[in-house]
Amino acid sequence: MEHDITLLNFDGAYNKQSFYRDKRYNWIELEAMPNTNLLCEKDNLKLIADKLIERGSSGGIHYLGSGNFHYISYLLQSRIKKPYTLILFDHHTDTLPSPSESLISCGSWLLDSLQDLPMLRKVFIIGVGEEASQHIPASISNKVVIYPEKSLQSNLITIIQSILNNIPTDSVYISMDKDVLDKKDALTGWDHGTLRLKQMMKMVKMLFRNEDVNGIDICGEYPVNPTNDYRRQDKDAIEKNNRANRFILKCFKQWLGRDDRSSAMLDVI
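By this note's numbering, the letter at position 110 of the sequence shown is numbered 233, and the numbering carries on one by one without gaps.
Below you can see the structure in the form of structure tokens.
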């Protein structure tokens, strides 16, 4: 896979963070595009796809902004040309029906992916709420395996080994919504799970060691607005996410062989 970092600026979240500034990155400006927050018209989704192609974004690590834009994962995965398995870290299933056939949403994109993307063969959702199974339609249940957040209190190595043993394809795509994390490690605009950041990255490290990773996306930024510059709690939340993003990126770059600097912090994962 390619190793470029791409940041999609839908909501200004990354203007207030610094984790990427000393790296080589691709910035795609989308803040002025209408009708993209939570719900996106499929005509606009095509425009976003064209913009990604125009800016040379293909593969690598994509930062998507807040969880309201997680549906961009559908777009990124649609470009995969060989069978793959999706490993999704998320506190929600994102398998609710879209309110209209002309729309894709942050809550429907996984259902759309399973229905529309022929190369997507199986999905493992890690860290969802305990009621998650109620939101998996029968039509896709044979392709979805869920690991609720309470199950993660047991041996994580056993869980990830079970996932590795049941991946039916030669490659995986990793999608991460930071709402799966405990609030000690990240803050988003949604309800949170209880997975710790280092626990999540320990699981991801095993995926890198054993599988061909053909793409990564990350979302779950804290909502930004003009008051963020003045309210201490907002500034603290943004900095917490900045630290989480920096740690995630350091891990990925080390495992991809792009960071020559050794890091004891990463070696303990």
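By construction, the Cβ of each residue, glycine as well, lies at the ideal position given by its N, Cα and C atoms.
- In the structure shown, Thr281 falls within a helical segment according to DSSP collapsed to helix, strand and coil.
- Going by C-alpha positions, Ile248 is about 24 Å away from Lys363.
- With respect to Tyr296, Leu372 sits apart: the two C-beta atoms are not nearer than 9 Å.
- A straight-line Cα-Cα distance of about 8 Å links Asn333 and Leu287.
- If one requires a minimum length of 4 residues, the alpha helix (DSSP H) runs lying completely within the stretch 343-389 are 355-378, in chain order.
- When the five nearest sequence neighbours on each side are left out, the beta carbons in the same chain lying within less than 6 Å of the beta carbon of Phe331 are those of Trp378, in order along the chain.
- Nearest in C-alpha terms to Thr208, of all of Ala261, Pro346 and Ile339, is Ile339.
- Excluding its 5 nearest sequence neighbours in each direction, Gly135 has C-beta neighbours in its own chain below 8 Å: Glu154 and Val347, listed in chain order.
- If you draw a 10 Å sphere on the C-beta of Tyr197, you find 16 or more other C-beta atoms in it, and that means buried.
- Straight-line measurement puts the Cα of Met156 at about 9 Å from the Cα of Leu170.
- Cβ-Cβ distances below 7 Å link His193 to Leu187, Asp217, Cys229, Trp232, Asp300 and Cys342 in the same chain, with the five nearest sequence neighbours on each side left out; the list follows chain order.
- Scanning Ile283, Ala360 and Leu275 for the CA closest to the CA of Asp308 turns up Ala360.
- Ranked by Cα distance from His215, the options Ile176, Asp302, Asn278 and Ala172 are led by Asp302.
- Nearest in C-alpha terms to Met242, of all of Asn337, Thr317, Ile176 and Gln140, is Asn337.
- If the five residues before and after Glu164 are omitted, its C-beta is found closer than 8 Å to the C-beta atoms of Asn158, Ser225 and Leu226, all from its own chain and listed in chain order.
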